[in-house]
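Data block below; observations after.
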Amino acid sequence: LTVRLSEACGVIIIIMLPFDIELYHLFEMFQKASQIYCGAIQCRSMGSNVTLECDGGSIDSKVRWQFNGRNVAHSERVIVQGTNLILRNVDSSHTGTYSCYEDSTGDLKNEVTIQVGNAPMEPNVMCRSSAYPISFYCTWHLPNPTFIPTEFNVSVRHGEKEIEFIRDDKHKNRCNVKFVELFSASKYTVTVVARNSLGSNSTSISFKEETIVKPDPPEIINVNPVPESPQRMVVVWQNPPSWPEPDAIPLKYFLRYKPIILDDWQHVEVTDVTFHTITDAYAGKEHIIQVAAKDNEAGTWSEWSKAVRATPWTQMPVDPETETKETTSSITSGIVIASENEKIERSTNNSPRLISSMMALLLGVIVNILIW
């Protein structure tokens, strides 16, 4: 005799039994099997009705139910029927531990922990290469929470061959895969199966390597204003560190910028270099600047880099008080210089007369000596 005992916790138990087995022995085996696979925790689907039995008590016995250590409050969705506790249309608020006590003695008769959740929906799977041509990674997540433990099984194939991958230590829903060969015509297929005690679901995606290439954003190092040029700024950035071979597989760039006061962006595509001079900036206005990157031939553009703010060169305004002092100083200096020049000029103009007088006096002395 083959008996299908339980599908509890998502496990089907098949046991071969002799024909003459008694019914109560069958029930005992069912209970033990359920405990082996489910333990003390039972998982129930959202919206279902759950009946909890108080083991060991007769129908006429008076029992007391507690939920997480407190007496159960009766409502339309929580009903005590005899010794049983009935939960209707359960949701996450019903998750917890239910305990049944003999009312007269206070003895614990039964205790069970309920987890209310959902079977997983089809997981969303995404694969991307930010380290082309070395490797790619895949991530997955469920569109809706299950509220109960859910595990994921992953497989990766290249063509018909299953290939190895490494589960990421830092991100539990991520794996890293090395490219098997470059420029291959065969597709990669990644399958993710989500499974918990209420059910399972899966998703498979297939792609060629060049379609998943997407670099990480570049990093803007600095933005420098150009002296004496109120509409020019020089933007300098660097390749994303994750891009392994920028010389062998170069990137091209897309720069966007705008003054903060406006909504519309200016765009420019840049190749071969990691800098660009903006020539049409708004004078005196603060700007927002970002840059994205893309493989020259394959894939899609990266996300935008972190925004950087900068303002073009602006002539510093002159303080009126400082300007007055400088003007006064200039005038005073001019007067002093003019006075000194006049003195020099006068001295220079009187010099010929002095020389002539001295020569006449000297000549008179010589004549008198000769007469004597």
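Just so we're aligned, residue 1 is where the sequence shown starts under UniProt numbering, counting upward by one.
Quick reminder that beta carbons are idealized off the backbone N, C-alpha and C, glycines included.
Rounded straight-line distance, which links the Cα of residue j to that of residue i
{"i": "serine 135", "j": "aspartate 280", "result": "40 angstroms"}
{"i": "lysine 208", "j": "leucine 85", "result": "56 angstroms"}
{"i": "tyrosine 101", "j": "arginine 70", "result": "12 angstroms"}
{"i": "asparagine 201", "j": "serine 305", "result": "36 angstroms"}
{"i": "asparagine 89", "j": "glycine 96", "result": "15 angstroms"}
{"i": "valine 180", "j": "asparagine 110", "result": "56 angstroms"}
{"i": "glutamine 72", "j": "proline 241", "result": "Per the sequence presented here, residue 72 reads as valine, with glutamine not at that position. Computed Cα separation, rounded: 58 angstroms."}
{"i": "isoleucine 41", "j": "threonine 146", "result": "16 angstroms"}
{"i": "histidine 74", "j": "asparagine 153", "result": "42 angstroms"}
Counterpart residues of residue i in DSSP-defined beta bridges
{"i": "proline 145", "result": "Partner(s): none; proline 145 has no beta bridge."}
{"i": "proline 259", "result": "His287"}
{"i": "glutamate 162", "result": "Arg157"}
{"i": "valine 63", "result": "Glu102"}
{"i": "glutamate 228", "result": "Answer is none; glutamate 228 lacks a bridge partner."}
{"i": "glutamate 111", "result": "Ser99"}
{"i": "isoleucine 278", "result": "Met233"}
{"i": "alanine 298", "result": "Paired residues: none, contrary to the question."}
Residue i, buried or exposed, once every other Cβ within 10 Å from all chains shown has been counted against 16
{"i": "glutamate 162", "result": "exposed"}
{"i": "serine 48", "result": "exposed"}
{"i": "glutamine 115", "result": "buried"}
{"i": "tryptophan 265", "result": "exposed"}
{"i": "proline 133", "result": "buried"}
{"i": "aspartate 150", "result": "Here the sequence assigns threonine to residue 150, which means aspartate is not the residue at that position. Threonine 150 comes out buried."}
{"i": "isoleucine 278", "result": "buried"}
{"i": "histidine 287", "result": "buried"}
{"i": "glycine 299", "result": "buried"}
Same chain only: Cβ atoms within 6 angstroms of residue i, ignoring 5 sequence neighbours per side
{"i": "proline 123", "result": "Trp140, Leu142, Val192, Ala194 and Thr203"}
{"i": "aspartate 295", "result": "Val213"}
{"i": "serine 206", "result": "Lys187 and Thr189"}
{"i": "methionine 126", "result": "Thr139"}
{"i": "proline 250", "result": "Asn296"}
{"i": "valine 156", "result": "Ile163, Phe165, Val177 and Val190"}
{"i": "proline 225", "result": "Met233, Pro312 and Trp313"}
{"i": "leucine 62", "result": "Checking the sequence shown, residue 62 turns out to be lysine, not leucine. Counting only Cβ-Cβ distances below 6 angstroms, and skipping sequence neighbours, we find Asp103."}
Sequence-distant residues of its chain with Cβ nearer than 7 angstroms to residue i (five each side left out)
{"i": "residue 400", "result": "Look at the range of the chain in this structure, 1 to 372, and you will see that residue 400 is not part of it."}
{"i": "valine 50", "result": "Arg44, Leu87, Val90 and Ile114"}
{"i": "histidine 94", "result": "Leu87, Ile114 and Val116"}
{"i": "proline 244", "result": "Ala131 and Ile134"}
Nearest-angstrom Cβ-Cβ length linking residue i and residue j, presumed shorter than 8 angstroms
{"i": "glycine 199", "j": "alanine 119", "result": "3 angstroms"}
{"i": "leucine 255", "j": "histidine 276", "result": "6 angstroms"}
{"i": "isoleucine 148", "j": "asparagine 196", "result": "5 angstroms"}
{"i": "glutamine 290", "j": "alanine 307", "result": "5 angstroms"}
{"i": "isoleucine 260", "j": "tryptophan 237", "result": "About 20 angstroms; that fails the 8 angstroms criterion."}
{"i": "tyrosine 253", "j": "proline 217", "result": "Actually they are not in contact, since the Cβ atoms of tyrosine 253 and proline 217 sit about 10 angstroms apart, beyond 8 angstroms."}
Cutoff 8 angstroms; reference residue i; Cβ partners in own chain excluding five residues on either side
{"i": "alanine 283", "result": "Pro230, Gln231, Pro312 and Thr314"}
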